[in-house]
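Below you'll find the structure, written out as structure tokens, and then a few comments.
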Amino acid sequence: MSVIECHGLTKKYERNRALNNLSFKIEENKITGLIGRNGSGKTTLLKIIAGHLKETTGEIKVFSEKPFNNLTISANLIFIHDQMNLPTALNLQEILAAAAKFYENWDAKLAYRLFDYFSFNQSQYYQDLSKGMKSTFNIILGLSARCPLTLFDEPTTGMDAAVRHDFYRAVLKDYIAYPRSFIISSHHLNEIEDLLEEVLLIKEGKAHLHLPVEDFKEWAIGIQGKSSIVQEWTKDREIIHTKNIGTDQSYVVVRNQFSDQERQRARTAGLNLTSVTASDLSVYLTGKTEGGIDDVFNHG
Amino acid sequence: MNLNLDGTKPIYLQISEWLEREILNGNFESDQKIYSQYQLAEIFNINPATAAKGLNILADENILYKKRGLGMFVTSTAKERILSKRKNETLKRLVEEIVLEADRLNVSKAELIEMIKATSIGEVEK
Numbered sequence: 003m004s005v006i007e008c009h010g011l012t013k014k015y016e017r018n019r020a021l022n023n024l025s026f027k028i029e030e031n032k033i034t035g036l037i038g039r040n041g042s043g044k045t046t047l048l049k050i051i052a053g054h055l056k057e058t059t060g061e062i063k064v065f066s067e068k069p070f071n072n073l074t075i076s077a078n079l080i081f082i083h084d085q086m087n088l089p090t091a092l093n094l095q096e097i098l099a100a101a102a103k104f105y106e107n108w109d110a111k112l113a114y115r116l117f118d119y120f121s122f123n124q125s126q127y128y129q130d131l132s133k134g135m136k137s138t139f140n141i142i143l144g145l146s147a148r149c150p151l152t153l154f155d156e157p158t159t160g161m162d163a164a165v166r167h168d169f170y171r172a173v174l175k176d177y178i179a180y181p182r183s184f185i186i187s188s189h190h191l192n193e194i195e196d197l198l199e200e201v202l203l204i205k206e207g208k209a210h211l212h213l214p215v216e217d218f219k220e221w222a223i224g225i226q227g228k229s230s231i232v233q234e235w236t237k238d239r240e241i242i243h244t245k246n247i248g249t250d251q252s253y254v255v256v257r258n259q260f261s262d263q264e265r266q267r268a269r270t271a272g273l274n275l276t277s278v279t280a281s282d283l284s285v286y287l288t289g290k291t292e293g294g295i296d297d298v299f300n301h302g
Numbered sequence: 868m869n870l871n872l873d874g875t876k877p878i879y880l881q882i883s884e885w886l887e888r889e890i891l892n893g894n895f896e897s898d899q900k901i902y903s904q905y906q907l908a909e910i911f912n913i914n915p916a917t918a919a920k921g922l923n924i925l926a927d928e929n930i931l932y933k934k935r936g937l938g939m940f941v942t943s944t945a946k947e948r949i950l951s952k953r954k955n956e957t958l959k960r961l962v963e964e965i966v967l968e969a970d971r972l973n974v975s976k977a978e979l980i981e982m983i984k985a986t987s988i989g990e991v992e993k
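If you're matching them up, the sequences are chains Y and E in order.
Mapping the first sequence onto our numbering, position 64 (from 1) lands on 66, and the numbers just tick up by one.
Mapping the second sequence onto our numbering, position 73 (from 1) lands on 940, and the numbers just tick up by one.
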């Protein structure tokens with residue numbers, strides 16, 4: 003069963019298209035990483051899935067229903083982001099008690115264990131927490147709600163490295179114990195890639211790639227060596243990224259479509275073949291030019 | 868598999884290689900149940916689907932077999948298969964790398980063989 007299905011989804015703010023004819027499908031009980039540059043439409047997409055925003059055109063179904071203004075969807079999904087509107091009159095303990103009433107599967111024990119582990123104080127108020135502590139409290143809500151669909155938009159904003167690692171481990175453990183669907187948007191692809199089953203990469207409001215994370219990591223290959231030889235090996239191929247190193251060396255990233263023999267011959271020709279990490283690849287793929295920021299400075 | 872020479876090895880391959888080492892070290896006998904995808908996910912902090920991929924590679928190579936509803940078990944020929952795979956694939960590839968590098972450095976075959984002989988096992992990390 004698919005949890006989310008959308009076709010030709012478009013969202014316009016004034017004249018600006020935040021989502022532009024986006025189509026994809028996410029199957030049940032997977033952890034999907036939503037990856038894209040700032041302003042690529044990730045948050046808009048999550049808001050539409052959560053039913054907070056209505057699409058301009060196109061179709062979206064969450065649990066086979068239209069999400070906008072839909073109570074069933076609200077009850078089965080939790081959307082965690084850094085602008086959470088939590089009641090300012092309630093202290094943290096009261097917020098947890100209130101949340102328990104909203105979510106059918108709420109696990110109060112888990113909530114309080116996480117609460118203690120992360121050293122919260124029951125009488126604190128949400129608005130007085132630091133940025134990182136707010137994010138940490140948000141993830142307690144997100145995990146304890148145990149909704150069939152959990153959306154985390156940049157959940158680790160402001161968290162220190164130790165808390166981020168605890169968070170990833172907590173998601174994994176709770177997912178193993180209670181399999182359900184997660185969508186996590188993050189700029190730290192290198193940190194979350196092991197946690198993910200699939201990657202959905204969006205660029206300029208469109209789905210650019212949607213792949214199992216392991217395929218994503220093997221999708222491209224880096225070739226480094228003498229520029230003339232590299233050029234010979236990469237002509238007629240889809241070039242994703244290029245960089246010149248020194249006077250006569252270059253590094254080119256292309257689609258990984260070489261056979262074992264070709265790879266062996268390339269090595270014999272003195273080329274260095276390397277795999278491209280998921281996080282580097284996502285940077286290259288979402289960049290506007292092959293050379294990235296260097297192109298800006300290469301107009302001299 | 869594709870990119871093992873090139874530094875960053877896919878996680879599922881690292882999983883299958885780790886399991887192979889566990890079998891070679893005798894931590895799992897034939898017909899013994901091996902870790903489930905969920906146990907592996909916990910141990911290595913990875914998505915269970917990735918762990919499953921590592922297990923399935925070994926099942927495809929008849930190093931593990933599936934019992935419906937019970938999990939994966941070690942086949943009676945597992946050790947031999949792992950050893951012959953390592954010899955014919957991993958070791959062969961490493962040798963090719965060495966020969967290639969020796970060639971780049973103008974080291975003759977005879978010289979290379981001397982170097983191999985002179986390398987006592989004690990110095991080499993297992």
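In this text, a Cβ means the ideal position worked out from N, Cα and C, and glycines have one as well.
Item	Value
Any C-beta of chain E under 8 Å from that of I62 of chain Y	no
Environment of H83 of chain Y [buried if 16+ CB atoms lie within 10 Å]	buried
Residues near T152 of chain Y by beta carbon distance below 8 Å, same chain, minus five either side	L79, I80, I82, G144, L145, R182, S183, F184 and I185
Minimum Cβ-Cβ distance from M967 of chain E to chain Y less than 8 Å	Per the sequence presented here, residue 967 of chain E reads as Leu, with Met not at that position. With 8 Å as the cut-off, L967 of chain E counts as an interface residue toward chain Y.
CA nearest to the CA of N31 of chain Y, picked from Y:L211, Y:V173 and Y:S76	Y:V173
Those residues which DSSP pairs with K63 of chain Y across a bridge	Y:E7
Any 3 or more C-beta pairs closer than 8 Å across the stretch 208 to 228 of chain Y and the stretch 911 to 921 of chain E	yes
Chain-ordered neighbours of K219 of chain Y on chain E, where CB pairs are closer than 7 Å	P877
Unbroken beta strand (DSSP E) run spanning D282 of chain Y, endpoints	Taken as a continuous stretch (DSSP letters only), D282 of chain Y belongs to no beta strand (DSSP E), being part of the alpha helix (DSSP H) at A280 to T288.
Supposed contact pair L886 of chain E and I901 of chain E - C-beta distance, whole angstroms, cut 8 Å	6 Å
Sequence-distant residues of the same chain with beta carbon closer than 6 Å to F367 of chain Y, five excluded per side	Nothing about residue 367 of chain Y can be read from this structure; chain Y reaches only from 3 to 302.
Touch test, the stretch 220 to 231 of chain Y against the stretch 277 to 284 of chain Y, Cβ-Cβ under 8 Å, three pairs minimum	yes
I50 of chain Y: first and last residue of the uninterrupted alpha helix (DSSP H) it sits in	K44 to A52
Nearest residue (CA-CA) to G60 of chain Y, options Y:R19, Y:V254, Y:Y177 and Y:L36	Y:R19
Rounded separation between C8 of chain Y and I75 of chain Y - CA only	15 Å
Neighbour-count burial assignment, V941 of chain E, 16 or more Cβ in a 10 Å radius	buried
Unbroken alpha helix (DSSP H) run spanning E968 of chain E, endpoints	K959 to R971
Residues of the stretch 227 to 239 of chain Y with Cβ closer than 8 Å to any Cβ of chain E, in chain order	none
For L197 of chain Y, the nearest candidate out of Y:K133, Y:Q263 and Y:H167 (CA to CA)	Y:H167
CB contact flag (Y253 of chain Y, Q233 of chain Y, <8 Å)	no
Interface partners of E216 of chain Y on chain E, CB under 8 Å	P877, I878, Y879, T917 and K920
Beta-carbon contacts of I247 of chain Y that lie in its chain and below 7 Å, excluding the five residues immediately before and after	Y253
Unbroken beta strand (DSSP E) run spanning H243 of chain Y, endpoints	I241 to I247
Chain-order list of residues whose beta-carbon lies under 8 Å from that of R948 of chain E (same chain, five-residue window excluded)	E928, N929, I930 and T942
Candidates E:G893, E:N894 and E:I924: closest to L904 of chain E by CA position	Residue identity differs from the one stated: residue 904 of chain E is Gln in this sequence, not Leu. Cα-wise, what sits closest to Q904 of chain E is E:I924.
Residues near E29 of chain Y by beta carbon distance below 6 Å, same chain, minus five either side	S4
N871 of chain E (DSSP reduced to helix, strand or coil)	Unreliable positioning characterises N871 of chain E in this predicted model, as indicated by a pLDDT of 39, which lies under 50. The coordinate reading is nonetheless provided below. Helix, per DSSP.
Nearest-angstrom Cβ-Cβ length linking L202 of chain Y and T45 of chain Y, presumed shorter than 8 Å	Their Cβ separation, rounded to whole angstroms, is 14 Å, which puts L202 of chain Y and T45 of chain Y out of contact at 8 Å.
Range of the contiguous alpha helix (DSSP H) that encloses T158 of chain Y	Premise fails: T158 of chain Y is in no alpha helix (DSSP H) and is neither H nor E.
I51 of chain Y beta carbon less than 8 Å from that of L191 of chain Y	no
Rounded straight-line distance, which links the Cα of L283 of chain Y to that of L1048 of chain E	One cannot answer for residue 1048 of chain E here, as it falls past the ends of chain E, which runs 868 to 993.
Interface partners of I33 of chain Y on chain E, CB under 7 Å	N914
Under 7 Å by beta carbon: chain E residues contacting K178 of chain Y	At residue 178 of chain Y the sequence reads Ile, which differs from the Lys that was named. Chain E residues near I178 of chain Y: Y905, A908, E909 and P915.
Neighbourhood of K959 of chain E by C-beta distance below 7 Å, restricted to the same chain and skipping five residues each side	none
Residues near E195 of chain Y in its chain [Cβ-Cβ closer than 6 Å; skip 5 each side]	V215 and A280
Close beta carbons around E199 of chain Y, own chain, < 8 Å, minus the five adjacent residues each side	K32, I33, T34, P214 and V215
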